[in-house]
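Take a look at the structure set out below.
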Amino acid sequence: EGRAAQRWAEMEDRHATTVIFNSSKKESHHPGKNYKQFARRLKTNFRVAENKDKIDAPDNELSTEKNQIAIFGNPRERFTKAELGVIKKMVDDGGSVVIMLGEGGEAKSGTNINALLEEYQIFVNPDCAVRTVYHKYLHPKEVFVQNGILNREITRQARDKGGGNLSSTMEMTGGMAATTDLKSGLGFVLPYGATLNVQKPAVPLLSTGHEAYPLNRPLAALWDGTSKGQGKMLVISSPRMFDDEWLMKEDNAKICDVFMSWMTPGSKVPLNMKDAEDEESVSEYHHVPDHGALANRMRCCLQEAEEIPQDFSTLFDETLFKFDTDCIPESIKLYQTLDVKHELLTLIPPQFEAPLPPLQPAVFPPALREPPPPPPPDEGGG
């Protein structure tokens with residue numbers, strides 16, 4: 022009964038929270054386009070609204086509503102300094118903000134949201150995550166990641182909400198999921214996404230794993246300021262991860278439910294601190310050089326040359342190749358050293374082997390006609 026009452030209280034708190042999708046910056050994803058299933062899924066726990074007015078307008082819900090979650094699904098226009106200030110104030114006042122950018126970062130989308138994200142130690146790189154080996158999905162930018170969960174609390178809450186892929190693991194471990202299984206129990210698809218640069222106090226949540234390139238780079242990150250009375254900032258490097266086409270693929274829907282429950286204003290995110298402090302789970306950001314482009318840009322050798330002598334003939338090394346009889350005396354001494362009789366070589370008559378059978382002429386005997394049979398005896402004769 023206590024757990025049921027607690028869950029009921031959490032449901033009432035979530036229904037008091039408003040999720041506002043912004044579409045004033047020509048976002049490619051909002052409830053009217055590409056996020057219909059996402060918005061329908063959120064309506065079970067939240068009130069959903071859409072903002073089409075300017076962010077810094079005085080009567081805008083983004084600037085007046087306190088208990089809210091603002092979602093920016095790939096904005097394609099630049100923000101003014103006042104608009105960025107409204108979003109920052111929203112987080113400072115305890116609200117939650119979800120920013121989604123796709124491949125190419127803000128340069129391809131034509132926005133400047135990184136100016137705000139850098140204040141929370143998060144940056145969307147102008148690159149693209151690709152899968153190095155084909156698996157399930159044809160396009161290499163439709164990256165399927167099996168071991169990309171960086172915090173085991175995501176898998177644990179997804180298991181509590183819907184069970185799913187961890188049932189076999191729980192049976193094998195006697196009801197207790199192992200640490201590695203809790204971090205690798207969920208598989209997700211990140212279509213046409215970028216990578217992130219994340220520094221503390223922000224915490225990476227998803228990564229490219231070992232199957233995609235760049236290796237072990239963050240794909241989603243969270244900044245939690247609830248301990249200081251502030252809100253939360255969640256950055257996901259692909260707006261298409263939760264759109265109508267990809268939401269129900271793999272475990273994307275489970276991850277979506279966990280992220281949105283964490284973004285409820287006022288509640289501290291229950292991250293596993295051991296995983297949050299683990300810096301080895303994320304690799305450094307290195308680029309592979311373009312060998313084809315480097316091969317077309319020839320450069321001279323930087324080796325220092327020696328001074329040329331006055332007598333240029335000394336530069337020739339005649340010992341590298343010569344043709345003389347200097348080695349003959351040493352060869353003759355080998356007869357005595359090896360105790361071999363020194364005599365002229367004699368000819369050895371060759372023996373030619375004929376592996377083929379002897380030839381036989383292809384002559385066929387003549388086909389002679391048989392003589393005719395004798396005539397029958399004359400019956401009338403004597």
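One point on numbering: in our numbering, the residue at position 187 of the sequence shown is 208, and numbering is uninterrupted.
Where a beta carbon is used, it is the ideal one built from N, C-alpha and C, also for glycine.
Query	Result
Work out the CA separation of Asp311 and Pro330 for me, nearest whole Å.	42 Å
By how many angstroms is the C-alpha of Val309 removed from the C-alpha of Val40?	41 Å
Within the same chain, show all residues whose beta-carbon is closer than 7 Å to that of Leu203, passing over the 5 residues directly before and after it, in chain order.	Below a pLDDT of 50, predicted positions are generally treated as unreliable, and Leu203, at 48, falls in that range; no measurement from the model is reported.
State the DSSP-derived secondary structure class of Leu240, mapped to helix, strand or coil.	strand
By Cβ distance below 7 Å, which residues in the same chain neighbour Phe280 in space, the five residues on each side in sequence not counted?	Leu255
Report yes or no: do the region 90-104 and the region 114-122 share at least 3 C-beta pairs separated by less than 8 Å?	yes
Whole angstroms is fine: what's the gap from Ile134's alpha carbon to Glu328's?	59 Å
Looking at Pro260 and Gly131, is the spacing between their C-beta atoms short of 9 Å?	no
With DSSP collapsed to three states, give me the class of Asp299.	coil
If we count the other Cβ atoms within 10 Å of its Cβ and call it buried at 16 or more, is Met262 buried or exposed?	buried
Ordered along the chain, which non-local residues of its own chain (more than five positions away) have a Cβ less than 7 Å from that of Lys221?	Gln142
Suppose the cutoff is 8 Å on Cβ atoms and the five residues either side in sequence are ignored; what does the same chain contact list for Thr201 look like?	Low confidence applies to Thr201: its pLDDT is 41, below 50, so where it sits in the model is not reliable enough to give any reading.
Based on Cα-Cα distance, which residue from Ile276, Asp264 and Lys157 lies nearest to Ile170?	Ile276
Just to confirm the assignment, what range does the alpha helix (DSSP H) spanning Arg99 have?	No alpha helix (DSSP H) contains Arg99, which DSSP labels as neither H nor E.
Kindly indicate which residue of Tyr158, Glu127 and Met284 has the alpha-carbon position closest to the one of Leu217.	Glu127
Using CA coordinates, which residue listed in Asp360, Ala233, Leu240 and Leu211 is at the minimum distance from Phe225?	Reading off the sequence, residue 225 comes out as Pro, not Phe. Nearest C-alpha to Pro225: Leu240.
If you follow the alpha helix (DSSP H) that Asn66 is in, where does it begin and where does it stop?	First-last for Asn66: undefined, no H or E at that position.
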